[in-house]
Amino acid sequence: MKIIDSTVYDGRNIHSHKKCIVLDVDLEGYSEIPSKDIKGFNEKLVKLLPILYTHRCGIDEEGGFVKRLKEGTYLAHICEHMIIAMHNILGMDIAYGKAREIEGDKYIVVFQYEYPRAGLEIGRLAVDIINSFIENKNILFDDRLNVIKNILNEELIGPSSFEICNAAQKVGMPILKIGNSGFYQIGYGKQGRIIESAISNSTSCVAADISCDKLLTKEILRIQNLPISRGEKVSNIIGLLKAAENLEYPVVLKPEFGSKGRDVILKIKTDKELVDSYQKLTKKYKDIIIEKYYEGDDYRVCVINNKVVAVSKRIPPYIIGDGIKSINQLINDLNSDERRGEDHEKPLTKIKIDDEVIRNLNINNYGINSILEKGKKLILRQNSNLSTGGIAVDCTDDISEENKEICIRAAKAIGLDICGVDICTKSIKKSLLEEGAIIEVNAAPGLRMHSYPAIGKKRNVGIEIVNMMYNNNPKNIPVISITGTNGKTTTTRIINSTLSKMGYCVGMTSTDGIYINGACIDNGDDTGFESAKCVLFNKDVDVAVLETARGGIIRKGLAYDLADVAVITNITEDHLGLNRVNTMEDLCMVKSLVAEAVKEDGYVVINADDEWSKKIISRINANIIYFSKDYNNELIINNESKNSIAVYLKDDYICVKNFGKEYKIISVKNIPITLNGTLEFNVENAMAACAALVALKVDYAMIKIGLSNFNSNENTGRFNIYNCNGVKIILDYGHNIEGYKKVLPTLRYITNGKITGIIGVPGDRGNYVAKEIGKISANYLDKIIIKEDKDRRGKNIGEVAEVINQGVLESKNNIKARIILDEVKALEVAFNESIPGDTIIVFFEKLQPLLDFIKTNQSDDENLGNVANSI
Numbered sequence: 001m002k003i004i005d006s007t008v009y010d011g012r013n014i015h016s017h018k019k020c021i022v023l024d025v026d027l028e029g030y031s032e033i034p035s036k037d038i039k040g041f042n043e044k045l046v047k048l049l050p051i052l053y054t055h056r057c058g059i060d061e062e063g064g065f066v067k068r069l070k071e072g073t074y075l076a077h078i079c080e081h082m083i084i085a086m087h088n089i090l091g092m093d094i095a096y097g098k099a100r101e102i103e104g105d106k107y108i109v110v111f112q113y114e115y116p117r118a119g120l121e122i123g124r125l126a127v128d129i130i131n132s133f134i135e136n137k138n139i140l141f142d143d144r145l146n147v148i149k150n151i152l153n154e155e156l157i158g159p160s161s162f163e164i165c166n167a168a169q170k171v172g173m174p175i176l177k178i179g180n181s182g183f184y185q186i187g188y189g190k191q192g193r194i195i196e197s198a199i200s201n202s203t204s205c206v207a208a209d210i211s212c213d214k215l216l217t218k219e220i221l222r223i224q225n226l227p228i229s230r231g232e233k234v235s236n237i238i239g240l241l242k243a244a245e246n247l248e249y250p251v252v253l254k255p256e257f258g259s260k261g262r263d264v265i266l267k268i269k270t271d272k273e274l275v276d277s278y279q280k281l282t283k284k285y286k287d288i289i290i291e292k293y294y295e296g297d298d299y300r301v302c303v304i305n306n307k308v309v310a311v312s313k314r315i316p317p318y319i320i321g322d323g324i325k326s327i328n329q330l331i332n333d334l335n336s337d338e339r340r341g342e343d344h345e346k347p348l349t350k351i352k353i354d355d356e357v358i359r360n361l362n363i364n365n366y367g368i369n370s371i372l373e374k375g376k377k378l379i380l381r382q383n384s385n386l387s388t389g390g391i392a393v394d395c396t397d398d399i400s401e402e403n404k405e406i407c408i409r410a411a412k413a414i415g416l417d418i419c420g421v422d423i424c425t426k427s428i429k430k431s432l433l434e435e436g437a438i439i440e441v442n443a444a445p446g447l448r449m450h451s452y453p454a455i456g457k458k459r460n461v462g463i464e465i466v467n468m469m470y471n472n473n474p475k476n477i478p479v480i481s482i483t484g485t486n487g488k489t490t491t492t493r494i495i496n497s498t499l500s501k502m503g504y505c506v507g508m509t510s511t512d513g514i515y516i517n518g519a520c521i522d523n524g525d526d527t528g529f530e531s532a533k534c535v536l537f538n539k540d541v542d543v544a545v546l547e548t549a550r551g552g553i554i555r556k557g558l559a560y561d562l563a564d565v566a567v568i569t570n571i572t573e574d575h576l577g578l579n580r581v582n583t584m585e586d587l588c589m590v591k592s593l594v595a596e597a598v599k600e601d602g603y604v605v606i607n608a609d610d611e612w613s614k615k616i617i618s619r620i621n622a623n624i625i626y627f628s629k630d631y632n633n634e635l636i637i638n639n640e641s642k643n644s645i646a647v648y649l650k651d652d653y654i655c656v657k658n659f660g661k662e663y664k665i666i667s668v669k670n671i672p673i674t675l676n677g678t679l680e681f682n683v684e685n686a687m688a689a690c691a692a693l694v695a696l697k698v699d700y701a702m703i704k705i706g707l708s709n710f711n712s713n714e715n716t717g718r719f720n721i722y723n724c725n726g727v728k729i730i731l732d733y734g735h736n737i738e739g740y741k742k743v744l745p746t747l748r749y750i751t752n753g754k755i756t757g758i759i760g761v762p763g764d765r766g767n768y769v770a771k772e773i774g775k776i777s778a779n780y781l782d783k784i785i786i787k788e789d790k791d792r793r794g795k796n797i798g799e800v801a802e803v804i805n806q807g808v809l810e811s812k813n814n815i816k817a818r819i820i821l822d823e824v825k826a827l828e829v830a831f832n833e834s835i836p837g838d839t840i841i842v843f844f845e846k847l848q849p850l851l852d853f854i855k856t857n858q859s860d861d862e863n864l865g866n867v868a869n870s871i
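Here the sequence shown is numbered in the UniProt record's numbering, starting from 1 and rising by one per residue.
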């Protein structure tokens, strides 16, 4: 068994609404061989991964998967279960997976993941294990698993980031991870807020820098007459001893710019101990401070937006003897608690036996292998940070109002919107002005102690931070996603144009580029994942209008989580035979993802006249707005009976029925891109856009303005008509059977002269499509020139053109076509053969070279302006 390819989906995709990894695998002759027929396979598998006994595998009983193993199941299916099992062993709660045959020995194995690098490595390990069983070879499973653990530790989202992101998602805000960093964006566009741990994009960099300098922090707090632990910087032993004399023992030594309690040495009582500790620290740190040690408990007060939201008492790690086990064994027992992890990945952290622990043992006359007396409590380190093994007790309800005010003043003095104030006092209920002191003020405070206290109530600090970032109103920008076979670009542009006229900064992706507030920031076919992400990350964007094409959906899934409005213009035959999409049912499954990924209170716009669009209705959970050219359409009538919204054509007017009331929006004759209502496909596109705007609760008067002002100049490459010395030249991006069927019949409405068509089809379409387009063209055109795209998508030169020509020859109209592969040369020939009153239509690949040709050949009184609006 081998992995041929792998795909990582960051969001919703054609396989799952969860993020998942897809492995393309080759079973190398084992597709029909069940594991029970491979000697020793099943026995080795369950011995290595006994967790598989818990897998039900579609059987409503524990052990269902093992039962299937005994009955006989196949390697791809087994691989899927192994991957899930290893994720679970490593503490990742995933359960989704599936295996599907592609052809013969070729399968895909799909599985949910939390972290991509770890997920891919688990997939590779599963395949290697299967091969080791087949080949009867040993595999270093524990070593490989430890490698994955290390990868996982690098990828893990920190506990503070997790709490904030989790809180945001619970109030409906989506999350975008920014690369492989620890940065995350909550929300999209203008509503995007970036966090790194408990630092927000509104956190002052200056304030964070101040808080990192413990001495500077003390000075600022001292100026504000706040109770602080006295201290100073020391740079030599003489100064150190003099400072200790002034402060009086016990004292504390720590790095001036340290964090997480690292290398903080507490409760130093003698000159010798002080000098030894100082010399040890100077090996690692240049800047060291000495402070007065205060007796009392260690408290962390979390202040968010000048409000105390959580208080924890931190307790240093300790063990209690049983008179039998050594101190080392007791520490190992403590570390075996499943709540403890290597770092921050779990509620608590394992206790590491370091110099501080050894020092503490020596002070108490113990060694690491000493037997601790029964019932004896031994504190392992003075430091109580969770990152060094401490635990937390929630004391939020105990802090006095005066101490709250002191902590808020400290946060304000430093300038932090999110901070953790460390205080030492014997009682949090008693004012610090009487007893105790502020030890530190920290930016990026850890939230783990408040989220997972060992004792007391969990405090949701994450939601406090989210509410602060959004002024207590977490709200995302609207996302409109448009897909379909034909018309999606025009529909996208109408929505964009209307919203822009209303004053919104619209971020739009389309087949001709990415646009922010009308300015193109990238040219090209931008209808995929990365293009959408560009808009979602842009901080100027008020509304995201995303053309979402089939190819992008298949390759990388959706960049957004849930849309407010989805539009399905139509689903007709195109791209079949590509990317394992072989049937119309397959194509429907791809397109339906856009309709499924909509908020429950959002809307899906469906073409009620399109048979294949109607087949995805059962997959939709949101509200549905149907549009139809026939107001007697059954779906339109049914929607009306439910007091739902419908858009339809009646007496040449686009009408909206909303809660039983009919509103006439605009006559199709007043929509420029319909050419006085003759371009039926643009009537449909206008209706789809109208329905989407209704779903967005846009005022109907504004919808009318939007439709009446949207003209062909804003719809480049979509049935654009240019005058060129009396000859009409039409440029259109039609490239599939349905596109040709929609466009070609309209030509007789705009010309009485001869019509020459320059036709082609992308090279990756099947021969049936190319031949059918040849036949259709022969029914409507007087002359035909066949061209080819320069991007032949794997085909030989002239191969596609010849197939199209066969279609022309098989038509009943006896038209002979010429083959001129270059579309600009084809236009030149057609133009030279035309007389005033004739029409040429070019189904183009590249627009700009054709526009350049037209401009060069226009007369002085003509210009490149699109004349379709005036016909």
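Glycine included, every Cβ here is placed at the ideal spot set by N, Cα and C.
For clarity, every value in this text was computed on a predicted model and none was experimentally measured.
Check	Outcome
What are the start and end residues of each continuous beta strand (DSSP E) run of 3 or more residues lying completely inside the stretch 279–314, in chain order?	288–292 and 297–304
Among the candidates 185, 707, 585 and 558, whose CA atom is the shortest distance from the CA of residue 11?	558
DSSP three-state label for residue 568, please.	strand
For residue 266, count neighbouring Cβ atoms within 10 angstroms of its own Cβ and tell me buried if that reaches 16, exposed if not.	buried
Secondary structure at residue 483, three-state DSSP: helix, strand or coil?	strand
Identify every run of the alpha helix (DSSP H) within the stretch 795–849, keeping only runs that are complete inside it and at least 4 residues long; order them along the chain.	799–810 and 823–833
Would the stretch 222–239 and the stretch 474–491 be scored as touching if the rule is three or more Cβ pairs under 8 Å?	no
Have a look at residue 393 and residue 691 and give me their C-alpha separation to the nearest angstrom.	55 Å
Per DSSP, residue 652 is paired with what?	Partner(s): none; residue 652 has no beta bridge.
Any chance you could list the alpha helix (DSSP H) runs of at least 4 consecutive residues sitting entirely within the stretch 706–793, in chain order?	737–743 and 767–780
Would you be able to state if there are at least three C-beta pairs under 8 Å between the stretch 779–794 and the stretch 749–758?	yes
Does residue 163 pass the burial test, meaning 16 or more other C-beta atoms within 10 Å, or should it be called exposed?	buried
If you run the structure through DSSP and keep just helix, strand and coil, what is residue 103?	strand
Using the three-state DSSP reduction, which class does residue 239 fall into: helix, strand or coil?	helix
For residue 870, which residues from the same chain have a beta carbon less than 7 Å from its beta carbon, with the 5 sequence-adjacent residues on both sides left out?	Residue confidence is low: residue 870 scores 48 on pLDDT, short of 50, so the model does not pin down where it sits. Its coordinate-derived value is still stated next. Excluding residues within five positions, none has a Cβ falling inside 7 Å.
Less than 8 Å between the beta carbons of residue 330 and residue 351, yes or no?	no
Taking C-beta to C-beta, are residue 686 and residue 674 nearer than 8 Å?	yes
So, at 6 Å on beta carbons, what are the nonlocal neighbours of residue 368 in its own chain, with the 5 sequence-adjacent residues on each side left out?	327 and 328
So, are the CB atoms of residue 603 and residue 627 less than 8 Å apart?	no
Beta carbon of residue 655, beta carbon of residue 665: below 8 Å?	yes
With a cut-off of 8 Å on the beta carbons, I'd call residue 773 and residue 807 a contact; round off their distance for me.	6 Å
In chain order, what residues of the same chain lie with their CB nearer than 7 Å to the CB of residue 527, ignoring the 5 residues before and after it?	509, 510, 511, 547, 548, 549 and 552
Quick one: what's residue 885 bridged to in DSSP?	The displayed coordinates of the chain run from 1 to 871. Any statement about residue 885 would go beyond what the structure contains.
State the CB to CB distance for the pair residue 456 and residue 160, rounded to an integer number of angstroms; the pair is presumed to be in contact (CB under 8 Å).	Rounded, the Cβ-Cβ distance is 19 Å, inconsistent with contact.
Around the C-beta of residue 310, are 16 or more other C-beta atoms found within 10 angstroms, so that it is buried, or is it exposed?	buried
Pull the bridge partners of residue 509 from the DSSP assignment, please.	514 and 546
When you compare the CB positions of residue 437 and residue 294, do they come within less than 8 Å of one another, or not?	yes
Mind pulling the alpha helix (DSSP H) runs of 4 or more residues that sit fully within the stretch 145–210?	159–170
What are the start and end residues of the beta strand (DSSP E) that includes residue 667?	661–667
Spell out a yes or no on whether the stretch 562–579 and the stretch 727–744 are touching, meaning 3 or more CB-CB pairs, one atom from each, closer than 8 Å.	yes
Name the DSSP beta bridge partners of residue 477, please?	According to DSSP, residue 477 bridges with nothing at all.
Would the beta-carbon of residue 851 be found less than 7 Å away from any heavy atom of the ligand GTP?	By its list of ligands, the structure shown contains no ligand whatsoever, and the ligand GTP lies outside what it can speak to.
Can you name the start and end residues of the beta strand (DSSP E) that residue 559 belongs to?	Counting along the chain, residue 559 falls outside any beta strand (DSSP E), and DSSP gives it neither H nor E.
Rank 75, 249, 515 and 58 by C-alpha distance to the C-alpha of residue 714 and give the top, closest one.	515
Find the nearest neighbour of residue 740 within the set 836, 324, 775 and 826, judged by alpha-carbon distance.	775
How would you call residue 843, buried or exposed, if buried means at least 16 neighbouring beta carbons within 10 angstroms?	buried
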